[in-house]
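Student: Structure provided below as C-alpha coordinates; questions to follow.
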Amino acid sequence: MKITSFITLKDIKEEFKRRIPMPVFDDLNTQIVAEHLGSYAPRVGMAFDYLLRFYLKYLYPQAIDYPWVTEYGFRLLKTENSQYKKWISKIGKRLLDAKIDYWKFLGTGKVKKDLIKSIIFLTKLEVYYRSRHVSSNFFRVDRKDIKDLNHLISIVPLELFKVKKVCVLNPTFANATKLIGMRGDGDLVIDDVLIDIKTVKKIQNLRDYYNQLVGYYTLYKIGGITNMPPSNKIKRLGIYFSRHAYLRIYDVEDFDNKDNDFASFIEWFKERALQEI
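Structure, rendered in C-alpha coordinates:
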(Lines of atoms letter the chains of each structure in order from A and count residues from 1; the text may use other names and numbers.)
(Lines give C-alpha, C1' and ligand atoms only; values in the text may rest on other atoms or scores of the structure.)
Protein backbone atom coordinates (compact mmCIF):
# COMPACT_ATOMS: atom_id res chain seq x y z
CA MET A 1 0.00 0.00 0.00
CA LYS A 2 1.16 3.56 -0.67
CA ILE A 3 1.87 5.69 2.38
CA THR A 4 -0.15 8.53 0.83
CA SER A 5 -3.22 6.27 0.74
CA PHE A 6 -2.55 4.77 4.18
CA ILE A 7 -2.57 8.13 5.97
CA THR A 8 -6.01 8.99 4.56
CA LEU A 9 -7.69 6.08 6.38
CA LYS A 10 -9.98 7.33 9.14
CA ASP A 11 -8.41 5.43 12.04
CA ILE A 12 -4.90 6.34 10.86
CA LYS A 13 -5.73 10.05 10.73
CA GLU A 14 -7.23 9.84 14.22
CA GLU A 15 -4.16 8.09 15.65
CA PHE A 16 -1.79 10.59 14.03
CA LYS A 17 -3.83 13.45 15.46
CA ARG A 18 -3.81 11.86 18.91
CA ARG A 19 -0.13 10.88 18.99
CA ILE A 20 1.67 13.44 16.82
CA PRO A 21 1.39 17.07 17.99
CA MET A 22 1.04 19.61 15.20
CA PRO A 23 3.39 22.61 15.49
CA VAL A 24 1.84 26.04 14.99
CA PHE A 25 3.34 28.51 12.52
CA ASP A 26 2.30 32.07 11.71
CA ASP A 27 2.79 31.71 7.96
CA LEU A 28 -0.63 31.00 6.48
CA ASN A 29 -0.70 34.39 4.78
CA THR A 30 2.66 33.99 3.07
CA GLN A 31 2.28 35.74 -0.27
CA ILE A 32 2.13 33.72 -3.46
CA VAL A 33 4.92 34.60 -5.90
CA ALA A 34 4.09 32.38 -8.89
CA GLU A 35 0.43 32.15 -9.84
CA HIS A 36 -0.68 29.03 -11.70
CA LEU A 37 -0.83 29.65 -15.45
CA GLY A 38 -1.73 26.33 -17.08
CA SER A 39 -4.87 24.22 -17.26
CA TYR A 40 -3.95 21.28 -15.01
CA ALA A 41 -2.18 22.13 -11.75
CA PRO A 42 -1.27 18.57 -10.59
CA ARG A 43 0.75 17.98 -13.77
CA VAL A 44 2.77 21.15 -13.15
CA GLY A 45 3.34 20.13 -9.55
CA MET A 46 4.73 16.75 -10.52
CA ALA A 47 6.81 18.30 -13.30
CA PHE A 48 8.30 20.83 -10.89
CA ASP A 49 9.40 17.97 -8.61
CA TYR A 50 11.44 16.65 -11.53
CA LEU A 51 12.78 20.06 -12.49
CA LEU A 52 14.01 20.95 -9.00
CA ARG A 53 15.62 17.53 -8.56
CA PHE A 54 17.33 17.88 -11.95
CA TYR A 55 18.61 21.31 -10.96
CA LEU A 56 19.99 20.02 -7.66
CA LYS A 57 21.72 17.18 -9.52
CA TYR A 58 23.37 19.80 -11.74
CA LEU A 59 24.50 21.82 -8.71
CA TYR A 60 25.54 18.74 -6.70
CA PRO A 61 26.63 15.93 -9.04
CA GLN A 62 27.34 13.73 -6.01
CA ALA A 63 23.63 13.69 -5.14
CA ILE A 64 22.23 10.18 -4.67
CA ASP A 65 19.54 9.39 -7.20
CA TYR A 66 17.67 6.38 -8.56
CA PRO A 67 16.31 5.22 -11.93
CA TRP A 68 13.38 7.38 -12.96
CA VAL A 69 9.95 6.04 -12.06
CA THR A 70 9.14 6.58 -15.73
CA GLU A 71 11.56 3.77 -16.64
CA TYR A 72 9.32 1.36 -14.76
CA GLY A 73 6.29 2.97 -16.36
CA PHE A 74 7.64 2.30 -19.84
CA ARG A 75 8.43 -1.33 -18.98
CA LEU A 76 4.88 -1.80 -17.72
CA LEU A 77 3.45 -0.18 -20.81
CA LYS A 78 5.35 -2.65 -22.99
CA THR A 79 4.34 -5.73 -21.02
CA GLU A 80 0.89 -5.00 -19.59
CA ASN A 81 -1.05 -2.90 -22.04
CA SER A 82 -1.50 -4.18 -25.56
CA GLN A 83 -4.06 -1.46 -26.34
CA TYR A 84 -1.22 1.08 -26.41
CA LYS A 85 1.05 -1.11 -28.53
CA LYS A 86 0.94 1.34 -31.43
CA TRP A 87 2.46 4.01 -29.17
CA ILE A 88 5.31 1.93 -27.73
CA SER A 89 7.91 2.88 -30.33
CA LYS A 90 7.04 6.57 -30.17
CA ILE A 91 7.07 6.60 -26.36
CA GLY A 92 10.39 4.76 -26.29
CA LYS A 93 11.96 7.32 -28.63
CA ARG A 94 10.50 10.18 -26.61
CA LEU A 95 11.92 8.68 -23.41
CA LEU A 96 15.37 8.48 -25.03
CA ASP A 97 15.06 12.11 -26.14
CA ALA A 98 14.17 13.06 -22.55
CA LYS A 99 17.33 11.37 -21.29
CA ILE A 100 19.39 13.25 -23.87
CA ASP A 101 17.82 16.56 -22.80
CA TYR A 102 18.61 15.68 -19.17
CA TRP A 103 22.25 14.85 -19.91
CA LYS A 104 22.63 18.08 -21.88
CA PHE A 105 21.18 20.01 -18.96
CA LEU A 106 23.63 18.42 -16.52
CA GLY A 107 26.41 19.77 -18.70
CA THR A 108 25.13 23.33 -19.01
CA GLY A 109 22.67 24.02 -16.19
CA LYS A 110 20.49 25.94 -18.64
CA VAL A 111 16.76 25.30 -18.35
CA LYS A 112 15.66 25.21 -21.97
CA LYS A 113 12.25 24.64 -23.50
CA ASP A 114 13.20 21.15 -24.71
CA LEU A 115 14.08 20.10 -21.16
CA ILE A 116 10.75 21.30 -19.79
CA LYS A 117 8.85 19.57 -22.61
CA SER A 118 10.69 16.36 -21.75
CA ILE A 119 9.88 16.75 -18.06
CA ILE A 120 6.18 17.17 -18.84
CA PHE A 121 6.36 13.97 -20.91
CA LEU A 122 8.04 12.19 -17.98
CA THR A 123 5.24 13.23 -15.64
CA LYS A 124 2.65 11.71 -17.96
CA LEU A 125 4.58 8.46 -18.13
CA GLU A 126 4.86 8.46 -14.33
CA VAL A 127 1.10 8.96 -14.08
CA TYR A 128 0.70 5.81 -16.17
CA TYR A 129 2.99 3.91 -13.80
CA ARG A 130 0.97 5.01 -10.77
CA SER A 131 -2.54 4.83 -12.23
CA ARG A 132 -2.27 2.62 -15.36
CA HIS A 133 -3.96 5.40 -17.32
CA VAL A 134 -2.62 6.96 -20.52
CA SER A 135 -3.77 10.52 -21.16
CA SER A 136 -5.36 11.27 -24.53
CA ASN A 137 -2.98 14.24 -24.88
CA PHE A 138 0.08 12.17 -23.99
CA PHE A 139 2.43 13.97 -26.38
CA ARG A 140 0.90 17.43 -26.22
CA VAL A 141 2.50 20.24 -24.19
CA ASP A 142 0.66 23.31 -22.91
CA ARG A 143 2.82 26.39 -23.51
CA LYS A 144 1.47 27.90 -20.30
CA ASP A 145 2.91 24.94 -18.38
CA ILE A 146 6.35 25.71 -19.85
CA LYS A 147 6.08 29.34 -18.76
CA ASP A 148 4.81 28.30 -15.33
CA LEU A 149 7.69 25.87 -14.73
CA ASN A 150 10.27 28.41 -15.89
CA HIS A 151 8.89 30.88 -13.38
CA LEU A 152 8.79 28.35 -10.54
CA ILE A 153 12.43 27.33 -10.98
CA SER A 154 13.55 30.96 -11.32
CA ILE A 155 12.22 31.90 -7.86
CA VAL A 156 13.74 28.98 -5.93
CA PRO A 157 15.82 30.38 -3.04
CA LEU A 158 18.81 28.12 -3.66
CA GLU A 159 20.41 29.08 -0.35
CA LEU A 160 17.68 27.02 1.33
CA PHE A 161 18.77 23.94 -0.63
CA LYS A 162 22.50 24.25 -0.11
CA VAL A 163 24.06 20.81 0.43
CA LYS A 164 26.90 20.37 2.91
CA LYS A 165 27.32 16.59 2.83
CA VAL A 166 24.35 14.52 1.65
CA CYS A 167 21.67 15.03 -0.99
CA VAL A 168 19.17 12.32 -1.94
CA LEU A 169 16.79 12.88 -4.84
CA ASN A 170 13.38 11.20 -4.73
CA PRO A 171 14.32 9.15 -1.60
CA THR A 172 12.75 5.71 -1.26
CA PHE A 173 12.30 3.33 1.67
CA ALA A 174 12.95 -0.11 0.20
CA ASN A 175 13.70 -1.86 3.51
CA ALA A 176 10.44 -0.68 5.09
CA THR A 177 8.57 -1.79 1.97
CA LYS A 178 10.02 -5.28 2.34
CA LEU A 179 9.22 -5.42 6.05
CA ILE A 180 5.69 -4.02 6.18
CA GLY A 181 4.59 -3.67 2.54
CA MET A 182 4.34 0.12 2.73
CA ARG A 183 5.52 2.04 -0.35
CA GLY A 184 6.51 5.66 -0.51
CA ASP A 185 8.95 8.07 -2.06
CA GLY A 186 9.76 11.55 -0.83
CA ASP A 187 11.06 14.44 -2.89
CA LEU A 188 14.41 15.39 -1.36
CA VAL A 189 16.85 14.89 1.46
CA ILE A 190 19.22 17.80 2.07
CA ASP A 191 21.65 16.76 4.81
CA ASP A 192 19.42 16.24 7.88
CA VAL A 193 16.17 17.49 6.30
CA LEU A 194 13.57 15.31 4.55
CA ILE A 195 11.61 17.61 2.22
CA ASP A 196 8.33 17.29 0.39
CA ILE A 197 7.42 19.76 -2.37
CA LYS A 198 3.94 21.24 -2.64
CA THR A 199 3.05 23.27 -5.73
CA VAL A 200 -0.22 24.70 -4.47
CA LYS A 201 -2.00 28.06 -4.51
CA LYS A 202 -2.59 28.28 -0.77
CA ILE A 203 -0.72 27.16 2.32
CA GLN A 204 -3.42 24.93 3.78
CA ASN A 205 -4.21 21.25 4.52
CA LEU A 206 -1.15 21.40 6.77
CA ARG A 207 -2.21 18.52 9.01
CA ASP A 208 -2.41 16.23 5.97
CA TYR A 209 0.97 17.41 4.67
CA TYR A 210 2.50 16.97 8.12
CA ASN A 211 1.08 13.44 8.42
CA GLN A 212 2.64 12.60 5.06
CA LEU A 213 6.05 13.77 6.23
CA VAL A 214 5.72 11.94 9.54
CA GLY A 215 4.74 8.84 7.54
CA TYR A 216 7.92 9.12 5.47
CA TYR A 217 9.95 9.70 8.61
CA THR A 218 8.43 6.60 10.21
CA LEU A 219 9.40 4.51 7.16
CA TYR A 220 12.91 5.95 7.50
CA LYS A 221 13.05 4.96 11.18
CA ILE A 222 11.90 1.44 10.30
CA GLY A 223 14.36 0.73 7.50
CA GLY A 224 16.38 3.78 6.55
CA ILE A 225 16.49 5.53 3.18
CA THR A 226 17.70 3.50 0.21
CA ASN A 227 21.41 4.11 -0.50
CA MET A 228 21.66 6.97 2.00
CA PRO A 229 24.66 6.60 4.34
CA PRO A 230 23.40 5.31 7.73
CA SER A 231 25.52 7.99 9.40
CA ASN A 232 23.27 10.68 7.91
CA LYS A 233 20.42 11.17 10.37
CA ILE A 234 17.13 12.87 9.57
CA LYS A 235 16.50 15.48 12.26
CA ARG A 236 14.13 17.84 10.50
CA LEU A 237 11.21 17.71 8.08
CA GLY A 238 10.39 20.34 5.50
CA ILE A 239 7.63 21.41 3.13
CA TYR A 240 8.70 23.59 0.22
CA PHE A 241 5.76 25.62 -1.07
CA SER A 242 7.08 26.29 -4.55
CA ARG A 243 4.56 28.95 -5.57
CA HIS A 244 5.46 30.90 -2.45
CA ALA A 245 9.22 30.21 -2.61
CA TYR A 246 8.88 29.27 1.05
CA LEU A 247 10.34 26.38 3.03
CA ARG A 248 8.63 25.45 6.29
CA ILE A 249 10.82 23.39 8.66
CA TYR A 250 9.76 21.09 11.50
CA ASP A 251 12.02 19.53 14.14
CA VAL A 252 11.41 15.79 14.55
CA GLU A 253 12.05 16.24 18.28
CA ASP A 254 8.59 17.80 18.42
CA PHE A 255 7.20 14.25 18.27
CA ASP A 256 10.16 11.84 18.29
CA ASN A 257 11.02 12.04 21.97
CA LYS A 258 10.84 9.88 25.07
CA ASP A 259 7.92 11.80 26.56
CA ASN A 260 5.85 11.13 23.44
CA ASP A 261 7.01 7.48 23.27
CA PHE A 262 7.49 7.58 19.51
CA ALA A 263 8.95 4.07 19.66
CA SER A 264 5.50 2.70 20.54
CA PHE A 265 4.00 4.75 17.71
CA ILE A 266 6.39 3.03 15.29
CA GLU A 267 5.32 -0.38 16.58
CA TRP A 268 1.65 0.54 16.16
CA PHE A 269 2.43 1.85 12.65
CA LYS A 270 4.11 -1.42 11.64
CA GLU A 271 1.30 -3.59 13.00
CA ARG A 272 -1.38 -1.45 11.36
CA ALA A 273 0.46 -1.36 8.02
CA LEU A 274 0.70 -5.15 7.96
CA GLN A 275 -3.09 -5.32 8.19
CA GLU A 276 -3.31 -3.62 4.78
CA ILE A 277 -1.21 -6.23 2.95
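66 is the number that my numbering gives to position 76 of the sequence shown; each next residue is one higher, with no gaps. Note that CB positions come from ideal geometry on N, CA and C, so glycine has one too.
Go ahead and pull the three-state DSSP assignment for Y50.
Tutor: As a working note, residue 50 is residue 60 in the sequence shown. It is coil, neither helix nor strand.
Student: Determine whether the beta carbon atoms of I267 and G171 lie at a separation below 7 Å.
Tutor: Position 277 of the sequence shown, counted from the first residue, corresponds to residue 267. Position 181 of the sequence shown, counted from the first residue, corresponds to residue 171. Cβ atoms of I267 and G171: closer than 7 Å.
Student: Need the endpoints of the beta strand (DSSP E) that L237 sits in, please.
Tutor: By 1-based counting over the sequence shown, the position of residue 237 is 247. L237 -> beta strand (DSSP E) spans 236 to 241.
Student: Nearest to F44 by CA position, among E257, K94, I136, is which residue?
Tutor: Counted from its first residue, the sequence shown places residue 44 at position 54. Measuring from the Cα of F44, the nearest candidate turns out to be K94.
Student: Rounded to the nearest angstrom, what separates F(-4) and G174 at their Cα positions?
Tutor: Here residue -4 refers to the residue found at position 6 when the sequence shown is read from its first residue. Here residue 174 refers to the residue found at position 184 when the sequence shown is read from its first residue. Distance between the alpha carbons of F(-4) and G174: 10 Å.
Student: Compute the Euclidean distance between the alpha carbons of Q52 and A263, then round it to the nearest angstrom.
Tutor: On the sequence shown, residue 52 is found 62 positions in, with the first residue counted as 1. On the sequence shown, residue 263 is found 273 positions in, with the first residue counted as 1. Each residue's Cα considered, the two are about 34 Å apart.
Student: Please list, in chain order, all residues of the same chain as P161 whose beta carbon is under 6 Å from its beta carbon, the five residues on each side excluded.
Tutor: Position 171 of the sequence shown, counting from 1, holds the residue named residue 161. Closer than 6 Å at Cβ, skipping near neighbours: G176, V179, I215.
Student: Would you be able to state if there are at least three C-beta pairs under 8 Å between the region 137 to 152 and the region 96 to 107?
Tutor: Enough Cβ pairs lie closer than 8 Å, so yes.
Student: Given a threshold of 16 other Cβ atoms within 10 Å of its Cβ, counted over all protein chains shown, does K107 qualify as buried or as exposed?
Tutor: Translated into the one-based positions of the sequence shown, residue 107 becomes position 117. Buried: at least 16 other Cβ atoms inside 10 Å.
Student: For a test of the three-state rule: what should DSSP assign to V59, helix, strand or coil?
Tutor: Locating residue 59 in the sequence shown gives position 69, where the first residue counts as 1. Three-state DSSP puts V59 in a helix.
Student: So, at 7 Å on beta carbons, what are the nonlocal neighbours of K191 in its own chain, with the 5 sequence-adjacent residues on each side left out?
Tutor: On the sequence shown, residue 191 is found 201 positions in, with the first residue counted as 1. Here the set comprises I22, H26, R233.
Student: Among R120, D132, R133, which has the Cα closest to the Cα of L67?
Tutor: The residue given as residue 67 occupies position 77 in the sequence shown. Of R120, D132, R133, the residue nearest in Cα terms is R120.
Student: Hey, quick one: how far does the alpha helix (DSSP H) through I143 stretch, first residue to last?
Tutor: The count along the sequence shown starts at 1 and reaches residue 143 at position 153. Its alpha helix (DSSP H) spans residues 133 to 144.
Student: Would you say the region 112 to 119 touches the region 52 to 65, given that touching needs at least three Cβ pairs under 8 Å?
Tutor: These segments touch.
Student: From the DSSP output, in three-state form, read off R226 for me.
Tutor: Position 236 of the sequence shown, counting from 1, holds the residue named residue 226. In this structure, R226 counts as strand in the three-state DSSP scheme.
Student: Pick out whichever of D17, L196, P220, Y48 has its Cα sitting closest to the Cα of N165.
Tutor: For the purposes of this step, residue 165 is taken as residue 175 along the sequence shown, with counting starting at 1. Ranking D17, L196, P220, Y48 by Cα distance to N165 puts P220 first.
Student: Do G28 and D182 have their CB atoms nearer than 7 Å?
Tutor: To locate residue 28, count along the sequence shown from 1; it is residue 38. To locate residue 182, count along the sequence shown from 1; it is residue 192. No, the Cβ-Cβ distance between G28 and D182 is not below 7 Å.
Student: Use the C-beta contact count for F151: other C-beta atoms within 10 angstroms, 16 or more gives buried, fewer gives exposed.
Tutor: On the sequence shown, position 161 is the one that residue 151 refers to. F151 comes out buried.
Student: Going by CA-CA distance only, name the one from I187, L169, G228 that's closest to L209.
Tutor: Against the sequence shown, residue 209 aligns to sequence position 219. Looking at the Cα atoms, L169 is the closest of the given residues.
Student: Residues in its own chain within less than 6 Å of I239 by CB, not counting five upstream and five downstream?
Tutor: Counting from 1 along the sequence shown, the entry for residue 239 is found at position 249. R226, G228, listed in sequence order.
Student: Is there a Cβ from chain E that is less than 7 Å from the Cβ of D246?
Tutor: The chain inventory of the structure shown lacks chain E, comprising one protein chain alone.
Student: Tell me the DSSP bridge mates of D268?
Tutor: For residue 268 there is no data in the structure shown, the boundaries of the chain being -9 and 267.
Student: CB-CB under 7 Å to V156, same chain, minus the five flanking residues each way: which ones, in chain order?
Tutor: Start at 1 with the first residue of the sequence shown, and residue 156 comes out as number 166. Within the same chain, V156 has close Cβ partners V179, D181, M218, P219, N222.
Student: Looking only at DSSP bridge pairs, what is D1 linked to?
Tutor: Reading the sequence shown from its first residue, position 11 is the one you call residue 1. The partner list for D1 (beta bridge, DSSP) is empty, contrary to what the question assumes.
Student: Report buried or exposed for W258, applying the criterion of at least 16 other Cβ atoms within 10 angstroms of its Cβ.
Tutor: Along the sequence shown, one-based indexing puts residue 258 at 268. Exposed, by the Cβ-count rule.
Student: Taking the alpha-carbon positions, what's the K260 to K76 distance?
Tutor: Within the sequence shown, numbered from 1, the residue matching residue 260 stands at position 270. Within the sequence shown, numbered from 1, the residue matching residue 76 stands at position 86. Looking at the two C-alpha atoms, the distance is approximately 43 Å.
Student: If distances are taken between C-alpha atoms only, which option among A24, G82, L(-1), D1 comes closest to A304?
Tutor: The first residue shown for the chain is -9 and the last is 267, placing residue 304 beyond what the model contains.
Student: Output yes or no for whether 7 Å exceeds the beta carbon distance between A88 and L112.
Tutor: The residue labelled residue 88 in the question sits at position 98 within the sequence shown. The residue labelled residue 112 in the question sits at position 122 within the sequence shown. Cβ atoms of A88 and L112: closer than 7 Å.
Student: Rounded to the nearest angstrom, what separates Q265 and M(-9) at their Cα positions?
Tutor: Translated into the one-based positions of the sequence shown, residue 265 becomes position 275. Translated into the one-based positions of the sequence shown, residue -9 becomes position 1. About 10 Å.
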